[in-house]
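Taking it in order: structure first as structure tokens, then the write-up.
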């Protein structure tokens with residue numbers, strides 16, 4: 005009975021892992037990159053200069069800019085520069101008839117000169133962030149698919165713990181250079197050692213989308229009026245309407261100071277001004293997510309924009325909201341200091357590696373049966389193609405995305421869309437290549453290609469901008485330098501992986517036979 | 341975070357030495373039952389003790405998150421080092437323990 009249960013779990017782990025493994029690999033890798041979203045954006049928009057932070061100056065500059073360029077907008081949004089993202093970003097929404105949503109316009113303003121920065125049009129790190137839960141699909145579908153993948157991941161984790169029951173006994177075991185056995189060891193090691201992270205990241209992703217996945221509790225408490233739930237959760241959406249009587253907007257700086265005093269010196273993340281220039285203008289000042297682990301969407305201070313009068317202070321979460329906010333905060337890691345951010349990144353890579361090794365093992369086990377005849381059935385061939393394209397192909401696509409950012413001319417129409425196109429074209433080509441080239445050869449060629457693309461990023465940056473490593477390191481611009489160095493490091497690692505696979509390829513027949521023998525011995 | 345890292349790494353190394361297989365690989369001998377118990381107890385004590393410096397520096401919420409991160413990463417580092425550079429893995433733990441009073445002095 006017990007053995008039967010474990011076998012059933014192993015079956016579920018194997019097949020669920022295979023079907024969703026390719027998608028989960030992409031979600032995990034792009035999500036891991038999203039931990040450095042701001043740093044990637046900084047690299048992809050090198051025109052945005054970093055200045056010493058001065059919130060009052062930035063705020064005055066932003067207000068003056070918006071007053072001049074968008075006095076009649078329905079809403080203004082101001083995001084202050086911080087140590088990770090040097091850009092002062094302003095956004096406004098055009099005023100339209102009631103019931104319609106106006107277009108958003110976003111600009112990056114230099115916080116010293118007050119001029120709009122002519123930065124190249126690029127999605128930057130936001131692309132990876134959006135992709136990891138929207139999957140470049142039309143609105144609800146991508147979110148549903150990624151949430152489904154998260155549920156499957158949770159199932160795979162739990163069945164995995166049951167299947168590989170020896171993981172806690174063999175906690176410190178990793179035996180390299182032993183073929184299939186090493187893959188299993190590696191899969192178990194990254195699985196169990198980083199298990200708290202895997203469980204946290206998977207469960208919290210479900211918590212983040214819980215109102216979409218399980219709306220029943222909301223409907224039960226709020227009836228058909230689900231808006232009431234959201235305006236209670238996100239009080240910033242509940243603002244006074246415009247009266248149509250013009251009145252000048254007060255300076256935002258004193259409101260900023262008052263808001264920070266409310267939070268005992270906490271940082272301001274974003275400001276929203278509703279109906280600027282109206283007698284009923286309201287200013288919502290939101291606390292930065294980097295202040296605390298638990299995210300509190302209600303943590304904001306609201307002012308009347310025309311009089312400067314403090315209207316309300318939001319925040320103070322109920323226990324369930326605090327738990328939900330904690331999961332949200334833990335998943336996003338906004339609060340992480342640079343060291344902790346790197347640890348998050350490494351954990352994310354470990355998760356990616358766990359999925360990747362699982363996929364490789366699935367195929368490796370089944371390939372052994374056909375090693376002697378040398379003829380692989382169609383379905384194994386398909387899995388092999390998808391393995392290559394989903395792993396090394398994705399790395400090539402990421403490299404292509406960065407290259408497109410530097411090589412497309414700044415004046416190119418719909419430039420940021422073309423960067424994304426380059427990503428998917430490269431990914432598609434790698435799928436084609438994987439279908440044409442067999443097995444190890446496909447791996448080696450794609451890994452080498454990815455190594456070349458990523459390893460040459462510092463060179464590319466040096467040729468196309470004036471922010472090469474010498475400059476960025478000397479100036480202490482760690483986001484820029486760190487990006488170059490990380491790409492270089494990944495390039496070297498991928499080159500090493502490709503070289504390793506090449507070395508293994510030459511004496512393949514004997515190695516393969518020895519591997520088969522080893523495995524049969526272990527199976528006994 | 342450094343002190344917590346040093347303690348976690350040493351703690352995991354001690355736990356690793358409490359198993360017959362790894363004790364044999366690293367120290368080329370089979371541990372006596374008392375030895376094994378000693379390694380195990382000191383390993384758990386070090387791991388539990390490492391919570392305190394993490395929380396003392398960064399507060400409970402941030403500190404616990406940092407401690408979890410350090411816990412996972414130190415184990416990952418140890419397991420990756422063991423097959424390739426076992427001597428380094430072992431001496432790192434010793435050096436870490438020796439350096440921990442210095443780290444405590446600097447950070448706390």
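Protein chains in written order, with the numbering used here: chain A, 5 to 528; chain B, 341 to 448.
Backbone N, C-alpha and C fix where the C-beta goes; we use that ideal spot for every residue, glycine too.
A straight-line Cα-Cα distance of about 20 Å links residue 61/A and residue 75/A.
Secondary structure at residue 15/A: helix, using DSSP grouped into helix, strand and coil. Within chain B, 413, 416 have C-beta atoms less than 8 Å from the C-beta of residue 350/A, given in sequence order. Taking 8 Å as the cut-off between beta carbons, the residues of the segment 419-436 of chain B near chain A are 419, 420, 422, 423, 424, in sequence order. In the DSSP assignment, the residues bridged to residue 289/A are 275/A, 305/A. Counting along the chain, residue 82/A sits inside the beta strand (DSSP E) bounded by residues 79-83. The beta-carbon distance between residue 211/A and residue 24/A, rounded to whole angstroms, is 19 Å. This is too long to meet the 8 Å contact definition. Contacts with chain A (Cβ-Cβ distance below 8 Å) from the segment 396-408 of chain B involve 401, 402, 405, 406, 408, listed in chain order. Contact between the segment 32-50 of chain A and the segment 133-150 of chain A is present: three or more C-beta pairs spanning the two stretches fall below 8 Å. A straight-line Cα-Cα distance of about 45 Å links residue 81/A and residue 445/B. At a cut-off of 8 Å between beta-carbon atoms, residue 348/B makes no contact with chain A.
The alpha-carbon separation between residue 420/A and residue 112/A amounts to approximately 15 Å. When only Cα atoms are considered, residue 177/A and residue 355/B end up about 13 Å apart. For residue 362/B, the nearest beta carbon of chain A is closer than 8 Å to its own beta carbon. Within chain B, the residues 423 have their CB atoms less than 7 Å from the CB of residue 179/A, given in chain order. Cβ proximity to chain B below 7 Å picks out 178, 179, 180, 193, 197, 198, 200, 201 from the segment 177-204 of chain A. Approximately 6 Å separates the beta-carbon atoms of residue 308/A and residue 286/A; this is inside 8 Å, confirming the contact. By the 16-neighbour rule on beta-carbons within 10 angstroms, residue 107/A is exposed.
For residue 127/A, the closest of 291/A, 46/A, 455/A, 259/A by C-alpha to C-alpha distance is 46/A.
Looking at the backbone, the Cα of residue 429/A and that of residue 405/A are separated by about 10 Å.
Cβ-Cβ distances below 6 Å link residue 466/A to 472 in the same chain, with the five nearest sequence neighbours on each side left out; the list follows chain order.
Residue 93/A sits in a strand when the DSSP states are folded into three classes. Flagged as an interface residue toward chain B: residue 297/A, by a C-beta distance shorter than 8 Å. Put simply, the CB of residue 334/A is near chain B, with a gap under 8 Å to one of its CB atoms. DSSP places residue 373/A inside the alpha helix (DSSP H), whose first and last residues are 342-373. Measuring C-alpha to C-alpha distances from residue 272/A to each of 88/A, 282/A, 83/A, 486/A identifies 83/A as the nearest. When secondary structure is reduced to three states using DSSP, residue 196/A falls in the helix class. For residue 71/A, the enclosing alpha helix (DSSP H) starts and ends at 59-73. Classified as buried, residue 490/A has 16 or more neighbouring CB atoms from the shown chains inside 10 Å of its CB. A distance below 6 Å between beta-carbons, with the five flanking residues on each side excluded, links residue 42/A to the following residues of its chain, in chain order: 88, 89. In terms of Cα proximity to residue 396/A, the closest of 501/A, 182/A, 188/A is 501/A. At a beta-carbon threshold of 7 Å, the residues of chain B lying near residue 347/A are 409, 413, ordered along the chain.
Residue pairing by DSSP puts residue 250/A in a beta bridge opposite 282/A.
DSSP places residue 316/A in the uninterrupted beta strand (DSSP E) bounded by 314-317.
In the DSSP assignment, residue 238/A falls outside any alpha helix (DSSP H) and carries neither an H nor an E. Sorting 39/A, 28/A, 252/A by C-alpha distance to the C-alpha of residue 343/A places 39/A at the top.
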